[in-house]
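Before any comments, here is the structure.
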Ligand code: FEO
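In the working numbering, the protein residues as written are 296 to 462.
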């Protein structure tokens, strides 16, 4: 790959996507253990999507003559306060992912790597969609209220979303 800075920045984004996949996997496992079948189904699926994002970057980088590095990852949290907090944490995490994609895009523009900038448009749109999905879930949680009795309803809602994924 011509620009080593772009290669480095893509490798950093590979870490972000790989960690996202692990984070949602940990959340899915926690939800499953708590009996939230719908939320866990939704989150297992989402973890797979993040792995797909990571692979997209791996293949692109290798195809362009760079070297995609498979990173060591820090362990995601094992425990979560409740199902609502899981989705609040996801929203925060996705905002961080969006900022990270934008930073990567800035590097490509600075390096005049317009091919990579073009390739990244898919990720830009994906972040818009993901943020909208998770904001929608948080809106539903606000609507239902954060009472313990609402756990079941939000889980059912997520089960419906897992059955008919938006993405
Ligand atoms: Fe790959 Fe949810 O960002």
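We treat Cβ as the ideally placed atom computed from N, Cα and C, and that holds for glycine. Treat the numbers as computed from the prediction; the structure is a model and nothing was measured.
Query: Local Cβ density within 10 Å of residue 312, reported as buried at 16 or more and exposed below that; Result: buried
Query: Best match in 442, 308, 360, 394 for proximity to residue 378 [C-alpha to C-alpha]; Result: 442
Query: Alpha helix (DSSP H) runs contained entirely in the stretch 305-371, provided each spans 4 or more residues; Result: 332-358
Query: Residues of its chain near residue 426, where Cβ-Cβ distance is below 8 Å and the 5 sequence neighbours each way are ignored; Result: 386, 389, 390, 393
Query: Check whether residue 338 and residue 355 have beta carbons under 8 Å apart; Result: no
Query: Local Cβ density within 10 Å of residue 336, reported as buried at 16 or more and exposed below that; Result: buried
Query: Where residue 402 falls, given that 16 or more other Cβ within 10 Å makes a residue buried; Result: buried
Query: Complete runs of the alpha helix (DSSP H) confined to the stretch 399-457 [at least 4 residues]; Result: 409-439
Query: Heavy atoms of the ligand FEO versus C-beta positions, residues under 6 Å; Result: 312, 315, 345, 348, 389, 392, 425
Query: Three-pair Cβ contact test at 8 Å for the stretch 363-373 versus the stretch 430-439; Result: no
Query: Cα-Cα separation between residue 449 and residue 333, rounded to whole angstroms; Result: 9 Å
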